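Everything below concerns the one structure shown next.
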Amino acid sequence: MPRPGHCQEVCELLERHSLRLSSSSSRCIGRLVAWVPSVDGVDTIRLYRSTIGKKAVMAVTGGVLFLYVIVHMLGNLSIFAGPGTLDAYGKFLRDIGAVWPVRAALLACVVLHFVAAYQLTARARKARGRYEHRRVVQGSYAARTMRWGGVIIGLFVVYHLLDLTVGWLNPNGVHGAIHANVVADFQHWYVVLAYAVAVLALGFHIRHGVWSATQTLGVTTSRVVGLAAAVVVCGGFLSVPFAVFTGLVS
Ligand code: HEM
Numbered sequence: 008m009p010r011p012g013h014c015q016e017v018c019e020l021l022e023r024h025s026l027r028l029s030s031s032s033s034r035c036i037g038r039l040v041a042w043v044p045s046v047d048g049v050d051t052i053r054l055y056r057s058t059i060g061k062k063a064v065m066a067v068t069g070g071v072l073f074l075y076v077i078v079h080m081l082g083n084l085s086i087f088a089g090p091g092t093l094d095a096y097g098k099f100l101r102d103i104g105a106v107w108p109v110r111a112a113l114l115a116c117v118v119l120h121f122v123a124a125y126q127l128t129a130r131a132r133k134a135r136g137r138y139e140h141r142r143v144v145q146g147s148y149a150a151r152t153m154r155w156g157g158v159i160i161g162l163f164v165v166y167h168l169l170d171l172t173v174g175w176l177n178p179n180g181v182h183g184a185i186h187a188n189v190v191a192d193f194q195h196w197y198v199v200l201a202y203a204v205a206v207l208a209l210g211f212h213i214r215h216g217v218w219s220a221t222q223t224l225g226v227t228t229s230r231v232v233g234l235a236a237a238v239v240v241c242g243g244f245l246s247v248p249f250a251v252f253t254g255l256v257s
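Residue numbers for the sequence shown follow the working numbering, beginning at 8 and rising by one.
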């Protein structure tokens, strides 16, 4: 917890280093100080170095990425409302200037999520190595699925950006013509298959990730929430490629 007068100390320190603060900036710092466990840098770093700190980072960044996935899925479902709707939704996001801030936040979350996962895996392997025979040190089924699922999702996102954001791998590939690009894509069974594999990998990742995050944050120990979230995400995302492939959307 922050010590009393801690905000004052931070403001004085910044001013001593020639950073003059307006009253609104000081208020802003005050709120930040109240929110961060400690601003002297030691406790926050120590917290991150602990296993529970890294798990919390994974839970929070995973939560932000999950939120993006839900919003993206709902945006995709607007394709069922008619040809102009998806394009209008994309244009709206660009017009309000949401695209680059969202991209920056997503990138930060992906990097933190990956680094914390890597460090936790390395730590668990090192800890087990002291006590178990090497052949047994394979990690649990869930941990392996999460690792490989994460790799598949990462590769998919690179392909997906080149396909539907940049357009290089898309059969239509016209910038801003989102509906036409999506329809051109899912005429091909192998594109539908690639998307289906990635979405199922995402579903497994979400099922275990939601369960793990809700445990870390002390929300619930039930597995039902994770399963429900995975079913909704898989159903929502898969409906678009299958609707296009079967001619329901054109
Ligand atoms: C299977 C159904 C999916 C469809 C039809 C779809 C559709 C699209 C489209 C059309 C765009 C480009 C939007 C634009 O140019 O304005 C896009 C971008 C994106 N999609 Fe998807 N998507 C799908 C699944 C996913 C999944 C499962 C993920 C995450 C794992 C994902 C993550 C992204 C990201 C990160 C972007 C880039 C957004 C940006 O440009 O800032 N998509 N998607």
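Don't be surprised by glycine CBs; every beta carbon is placed ideally from N, CA and C. None of the values given here were measured: they were computed from a predicted structure.
Compute the Euclidean distance between the alpha carbons of G104 and G136, then round it to the nearest angstrom.
The sequence position of residue 104 within the sequence shown is 97, counting from 1. The sequence position of residue 136 within the sequence shown is 129, counting from 1. Looking at the two C-alpha atoms, the distance is approximately 49 Å.
Start and end residues, alpha helix (DSSP H) containing N188:
Stepping through the sequence shown from its first residue, residue 188 is reached at position 181. Unbroken alpha helix (DSSP H) run through N188: I185 to D192.
State buried or exposed for H195, treating a residue as buried only when at least 16 other CB atoms are found within 10 Å of its CB.
Counted from its first residue, the sequence shown places residue 195 at position 188. Counting Cβ neighbours within 10 Å, H195 comes out exposed, since fewer than 16 surround it.
Which residue's Cα is closest to the Cα of F193: A66, G216 and H167?
Sequence index remark: in the sequence shown, residue 193 carries index 186 (1-based). Answer by Cα proximity: H167.
Can you give me the C-alpha to C-alpha distance between F5 and A112, rounded to a whole angstrom?
No statement about residue 5 is possible, as the shown extent of the chain runs from 8 to 257 and does not include it.
Unbroken alpha helix (DSSP H) runs of length 4 or more, entirely within the stretch 139-182: which are they?
DSSP runs (the alpha helix (DSSP H)) wholly in the stretch 139-182: 148-167.
For ligand 1, is there any heavy atom lying closer than 7 Å to the beta carbon of H7?
This structure leaves residue 7 out entirely; the chain is present only between 8 and 257.
Rounding to the nearest angstrom, what Cα-Cα distance links A208 and L169 in this structure?
Here residue 208 is taken as the residue at index 201 of the sequence shown, counted from 1. Here residue 169 is taken as the residue at index 162 of the sequence shown, counted from 1. Going from the Cα of A208 to the Cα of L169 covers about 19 Å.
Taking the alpha-carbon of S147 as reference, which of G157, P90, L162 and T128 has the nearest alpha-carbon?
Position 140 of the sequence shown, counting from 1, holds the residue named residue 147. Cα-wise, what sits closest to S147 is T128.
Could you tell me if the beta carbon of P90 falls within a distance shorter than 7 Å of some heavy atom in ligand 1?
By 1-based counting over the sequence shown, the position of residue 90 is 83. False, no ligand heavy atom lies under 7 Å from that Cβ.
G269, enclosing alpha helix (DSSP H) - first and last residue:
Because the chain spans 8 through 257 in this model, residue 269 falls outside it and cannot be assessed.
Taking 8 Å as the cut-off, decide whether the C-beta atoms of G156 and H212 are in contact.
Against the sequence shown, residue 156 aligns to sequence position 149. Against the sequence shown, residue 212 aligns to sequence position 205. In terms of Cβ geometry, G156 and H212 form a close pair [threshold 8 Å].
Starting from R230, follow the alpha helix (DSSP H) in both directions and report where the run begins and ends.
As a working mapping, residue 230 is identified with position 223 in the sequence shown. Careful: R230 lies outside any alpha helix (DSSP H) and carries neither H nor E.
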